[in-house]
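Numbering (the working numbering), first residue to last: 4 to 126.
Reviewing the structure listed below.
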Amino acid sequence: MLFFAFCFISCATIFEDSPLTLLKEAYNHKKTKKAMVFMNDGNATTDNSLHVILENADFELTEAESGNVFIVDSDHNSAKLDSNAINLTWLSEKTLEISFDSKLRAFKKADEIDGVKIVYKER
4 MLFFAFCFIS CATIFEDSPL TLLKEAYNHK KTKKAMVFMN DGNATTDNSL
54 HVILENADFE LTEAESGNVF IVDSDHNSAK LDSNAINLTW LSEKTLEISF
104 DSKLRAFKKA DEIDGVKIVY KER
């Protein structure tokens, strides 16, 4: 019985939420909005991924977050997942440019969030 309890507890951690690592953030010129790039470290069933989230300037990232703008992975290690993989540039108060490594595999690519237009640039 003790063995089964140990196995259950050990296996349960495999499927837990993964820790998030904030890699960068960028505020619009008036500092009313901010975009953030963070890494989700994955687990036994999911690969690491990079997420971009766009929120009000006072927003604080929590472990429960998922990207609401852009989500990518390395496409089976074709691209490196680090702080250089995605760059954020505010072109205006209501336009955010996301430049990214063309080898990344995108799962989510929003065109607009909360009145902010998102433009993408592969490099």
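Where is the CB? At the ideal position from N, CA and C, for every residue including glycine.
Compare the beta carbon distance of residue 53 and residue 89 with 7 Å and say whether it is the shorter of the two.
yes
How many Å lie between residue 111 and residue 96 at the Cα?
23 Å
Once the 5 residues before and after residue 13 are set aside, which same chain residues still bring their CB inside 6 Å of it?
Model confidence at residue 13 stands at a pLDDT of 45, short of 50, so the residue's coordinates are unreliable; what they give is reported in the following sentence. Cβ within range, chain order: n/a, list empty.
Do residue 26 and residue 40 have their C-beta atoms closer together than 7 Å?
Annotated as proximal: residue 26 and residue 40, with beta-carbon spacing under 7 Å.
Mind reading off the beta-carbon distance from residue 67 to residue 55? Whole number of angstroms is fine, and I expect it under 8 Å.
With a Cβ gap of about 16 Å, residue 67 and residue 55 do not count as contacting.
So, are the CB atoms of residue 86 and residue 106 less than 7 Å apart?
Remark: C-beta atoms of residue 86 and residue 106 do not approach each other more closely than 7 Å.
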